[in-house]
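First residue of the sequence shown: 22, per our numbering; consecutive thereafter.
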Amino acid sequence: MTITQTYAQQKFDEFNKLFFDDTLPQVSIYIGKAVSYVGICRYKRRRKLFGKEELYDFRLCFSSSFDLPEDEWEDTIIHEMIHYYIGLKGIKDSSSHGKVFRRIMDAINSNYGRHIRVSHKSSPEQAAKMRDTRPRVRVVAVVMLRDGRSGVKVVPRIASRMRAYRNGLMLSGKVASVDFYITEDSFFARFPNSSALRVYFLERDEINRHLEGATVIAV
Ligand SMILES: [Zn+2]
């Protein structure tokens, strides 16, 4: 299942009663599309008078990019609620999943037969898989230099930015041509998408291989 706002809110209320004596104040719950985490507890820090630090503006964020069994979603929600509890009470822990965190986690696991884990972030492999299964359309500028070299740059899909990139490069006098292609090839995910006047040099063969069948766009 994928997570929804309603589900996360309902589970928050249920677990608040069950594990935290209903003492946790209502908190903002966000559902996003992150691929780098399944759940995360965000907050801000501020110094109070006399230098004491306070955490505030808590938000529990979950990613709808993951399809997980329901009990894993529940464990993830409880995990983030433990962070929220520790932060809210201003308890000093030895690390982000330190002694206090583990004590609470272990107690819930053994008393309620849960399987909350310390590591709730997606593994790099899992994240890469997520990225690959969601093809993203990119605009790739193919740059041919007068000295025979070639290269690419991923640019924003905005005509005025594309023109500005081409005009900027042509002004250097070293560039013979800049053509734009639209592609879903994940090979281009490794290049930053920006308007910077940069070129990543690649062999012409490699560029052709990844842009085979790609649509040319005229701007
Ligand atoms: Zn955590």
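Yeah, the Cβ is synthetic: ideal placement off N, Cα and C, and Gly gets one too.
Within the segment 58-108, complete beta strand (DSSP E) segments of at least 3 residues are found at 60-68 and 74-84, given in chain order.
In the three-state scheme derived from DSSP, where H, G and I count as helix and E and B as strand, residue 113 is classed as coil. Ranking 24, 120 and 76 by CA distance to the CA of residue 59 puts 24 first. Between the segment 100-111 and the segment 70-79 there are three or more inter-stretch CB-CB distances shorter than 8 Å, so the stretches are counted as touching. Judged by DSSP secondary structure, residue 167 falls outside any alpha helix (DSSP H); it is assigned neither H nor E. Taking a C-beta distance under 8 Å as the contact criterion, residue 33 and residue 98 qualify as a contact pair. In terms of side-chain proximity, the C-beta atom of residue 117 is found nearer than 7 Å to a non-hydrogen atom of ligand 1.
Scanning its chain for C-beta atoms nearer than 6 Å, with the 5 sequence neighbours on each side dropped, one finds around residue 178 the residues 160, in chain order.
Of the residues assessed, residue 238 falls on the exposed side of the cut-off, its CB having fewer than 16 other CB atoms within 10 angstroms.
The three-state secondary structure of residue 238, taken from DSSP, is strand.
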